[in-house]
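In this text, residue positions in the sequence shown follow my numbering: the first is 90, and each later residue adds one.
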Amino acid sequence: MTCLESPLSRMMPVSELFGAVRRSKKMTAASVDGSINRVSQGTAFLSGVLAGLVSIAVMYSLRVAQVGIFIPELAVGALVNATPGNIESFFVIQMGELAKYTALFVATLLYLVIHGAYGLAIPAIQRHSGRRFVSVGAFALIPAAFDLLLFMPLFGAGLLGTATTAGWVGASVNTTVSSLVYSGTLLFVAADFRMSYPERLKVSRRTFVKSVAVLVLGLAALAYGLDTFVLGPSRTGYKTIAELFANEVTPNDEFYVVTKNLIDPTIDAGGWNLKIDGEVSSPLNLSYQELLARKQTDLYVTFECVSNEVGGGLISNAKWSGIPLSTLLSEAGVAQDAGYCVCACEDGYTEGIPVAKALDPRTILALSMNGQPLPKSHGFPARVVVPGLYGMFSAKWVNRITLVKGEYKGYWQQKGWTNSGEINTTAIIRVPKDSSVSGPMVSIGGVAFAGVRGVSRVEVSTDGGTSWNAAVLKPPLSSTSWVLWEYAWSPSRTGRYRIVARAYDGGGTLQGAKPAPPFPDGASGYDTIDLSVSL
Numbered sequence: 090m091t092c093l094e095s096p097l098s099r100m101m102p103v104s105e106l107f108g109a110v111r112r113s114k115k116m117t118a119a120s121v122d123g124s125i126n127r128v129s130q131g132t133a134f135l136s137g138v139l140a141g142l143v144s145i146a147v148m149y150s151l152r153v154a155q156v157g158i159f160i161p162e163l164a165v166g167a168l169v170n171a172t173p174g175n176i177e178s179f180f181v182i183q184m185g186e187l188a189k190y191t192a193l194f195v196a197t198l199l200y201l202v203i204h205g206a207y208g209l210a211i212p213a214i215q216r217h218s219g220r221r222f223v224s225v226g227a228f229a230l231i232p233a234a235f236d237l238l239l240f241m242p243l244f245g246a247g248l249l250g251t252a253t254t255a256g257w258v259g260a261s262v263n264t265t266v267s268s269l270v271y272s273g274t275l276l277f278v279a280a281d282f283r284m285s286y287p288e289r290l291k292v293s294r295r296t297f298v299k300s301v302a303v304l305v306l307g308l309a310a311l312a313y314g315l316d317t318f319v320l321g322p323s324r325t326g327y328k329t330i331a332e333l334f335a336n337e338v339t340p341n342d343e344f345y346v347v348t349k350n351l352i353d354p355t356i357d358a359g360g361w362n363l364k365i366d367g368e369v370s371s372p373l374n375l376s377y378q379e380l381l382a383r384k385q386t387d388l389y390v391t392f393e394c395v396s397n398e399v400g401g402g403l404i405s406n407a408k409w410s411g412i413p414l415s416t417l418l419s420e421a422g423v424a425q426d427a428g429y430c431v432c433a434c435e436d437g438y439t440e441g442i443p444v445a446k447a448l449d450p451r452t453i454l455a456l457s458m459n460g461q462p463l464p465k466s467h468g469f470p471a472r473v474v475v476p477g478l479y480g481m482f483s484a485k486w487v488n489r490i491t492l493v494k495g496e497y498k499g500y501w502q503q504k505g506w507t508n509s510g511e512i513n514t515t516a517i518i519r520v521p522k523d524s525s526v527s528g529p530m531v532s533i534g535g536v537a538f539a540g541v542r543g544v545s546r547v548e549v550s551t552d553g554g555t556s557w558n559a560a561v562l563k564p565p566l567s568s569t570s571w572v573l574w575e576y577a578w579s580p581s582r583t584g585r586y587r588i589v590a591r592a593y594d595g596g597g598t599l600q601g602a603k604p605a606p607p608f609p610d611g612a613s614g615y616d617t618i619d620l621s622v623s624l
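Okay, here's the thing in structure tokens:
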């Protein structure tokens, strides 16, 4: 039988794998150098992978601590930027937030394989250098050079990471530290492998194939588990009307979150400033404390993501507090030829809204959410809240507002999403939560939303859309928030029913019945559920 040489053919505990920690005092410099010189390609590759695990963990930890960059994150960002909006929308709808984390996992795995490939140079470099300290430097130089000179420019971060928020200094520090960790760990592990397993190890092709199959199944199970237990169901449901009404204002930790980032920015409010410039007569530069000292306006505003499906859960309602954007723009003095108000954010995101929308007194620069400072995931220290437009127009982590001439297309608009952003009228069924109910009286309820146009009527059908009955509307918290509705229904028989809901905006216009996907203008169509009734 044909065999593949590999150090994985023997099952070994982690404690044995890293047994060099216990044996390090017994290793002489000569024995270590000799062991490294004699490692096989399989051992060299596996040593590179194990060292890569440690190095990548260090790089990621530094990135989370806002020091430098994380190469797999840059790779995913470049992939997302290059992906057309319709394709991206498909993956977002199918996988939700799991899509980008799956991409990050794959990118990290490939990056790990590259580190394994670096390890193949162990024997050659060790033989030519002859000294371990020279080898450490050489193996630190290899990944650092690839990261700074190849991967960063390739992924749009600029040479040496100059185009990142960390700058070339932060990127260089992160890369240097993680590369030194890689180099030291690589030589240590390679020597330990060779001294622990001096004879070449073999694994049959059948065992290799089985191992790969187990790995693939394990990754599939992990993805399924994340999708099921982390992301949860896309539809939000409540068992009773009372529970629905109790959640008219969405708690901060339940408010939907959508972001282009894998790691959101952490901002020190003490060093943060908001700049307002461009087509203005008096540019402003305001600190967080200066903004907090101003009079705050409270406004209930419902957000809906443009990628929300009919009946989906990417819609929430909160009380936002902040300063009318019109107040700040008036102080800056908007030029008559200014066409768009462009928000630039700490994470590189940009978004633009027409000046007329920016001057609407209901558009605010929000500093708090439901009576608390903005959570990090919702844009601390400041975000723009734009009622009536899909959530992508309410930019988070804003640090600059620039008035420009003509139209501006932001991050998502450059990928083909709508630049008008007006929210489509929709009615969503949220009660009952379960697909089976019992009793002579069934409560049906939900939310309806039409942006700043308001909702004048909601109708419910219990026969699949053949006949319609008016629901009872609860007065909304504001003209910019959703409307809660309920319908008391007495089924005539035991059986299965198709429940449908539809809404009319404040002007009496019925929502669109024709189903349409979220891309590019937001989803449309009637929300429908199937309900089993037992009398």
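No residue lacks a Cβ here, since even glycine has one placed at the ideal position from N, Cα and C. As the structure is a computational prediction, the values presented were derived from the model and not from experiment.
Less than 6 Å between C-beta atoms, sequence neighbours within five positions excluded: which residues of the same chain meet that for residue i?
i	result
residue 593	545, 546 and 599
residue 410	385, 387 and 457
residue 441	429, 431, 497 and 499
residue 246	163, 252 and 253
residue 377	358, 361 and 470
residue 571	391, 406, 536 and 538
Just confirm the distance between the C-beta atoms of residue i and residue j, as a whole number of angstroms; I'd bet it's less than 8 Å.
i	j	result
residue 197	residue 145	7 Å
residue 275	residue 137	6 Å
residue 142	residue 209	Not really, about 17 Å apart at Cβ, beyond 8 Å.
residue 438	residue 364	Wrong, their Cβ atoms sit about 16 Å apart, outside the cutoff.
residue 477	residue 540	4 Å
residue 393	residue 479	6 Å
Count the other CB atoms within 10 Å of the CB of residue i; is the residue buried (16 or more) or exposed (fewer)?
i	result
residue 433	buried
residue 258	exposed
residue 183	exposed
residue 176	exposed
residue 399	buried
residue 260	buried
residue 343	exposed
residue 555	exposed
residue 395	buried
residue 328	exposed
residue 558	exposed
residue 174	buried
residue 623	exposed
residue 401	buried
residue 148	buried
residue 611	buried
residue 494	exposed
Does the beta-carbon distance from residue i to residue j come in below 7 Å?
i	j	result
residue 390	residue 474	yes
residue 613	residue 513	yes
residue 150	residue 608	no
residue 338	residue 406	yes
residue 414	residue 452	yes
residue 486	residue 436	yes
residue 615	residue 602	yes
residue 538	residue 510	no
residue 85	residue 233	Summary: the structure shown does not reach residue 85, with the chain confined to residues 90 through 624, and so no result is reported for it.
What three-state label does DSSP hand residue i in the structure shown?
i	result
residue 176	helix
residue 377	helix
residue 497	coil
residue 263	helix
residue 606	coil
residue 183	helix
residue 511	strand
residue 506	coil
residue 391	strand
residue 638	It is not possible to answer for residue 638, since the shown part of the chain is limited to 90 through 624.
residue 589	strand
residue 559	strand
residue 257	helix
residue 363	strand
residue 620	strand
residue 384	coil
residue 438	coil
Tell me which residues share the same chain as residue i and place their Cβ nearer than 7 Å to its Cβ, disregarding the 5 neighbours each side in the sequence.
i	result
residue 236	160 and 264
residue 314	Confidence in residue 314 is poor, its pLDDT being 48 and thus under 50, which makes the residue's placement unreliable; the coordinate value appears in the next sentence. Hits under 7 Å: none found.
residue 560	547, 548, 549, 574, 575 and 576
residue 543	568, 594 and 595
residue 502	508
residue 484	432, 434, 438, 440, 472 and 473
With a threshold of 8 Å on Cβ separation, who are the neighbours of residue i within its own chain once the five nearest residues in sequence on each side are excluded?
i	result
residue 371	420, 421 and 422
residue 369	418, 421, 422, 423, 424, 427 and 492
residue 588	518, 533, 549, 550, 551, 617, 618, 619 and 620
residue 193	161, 162, 165 and 351
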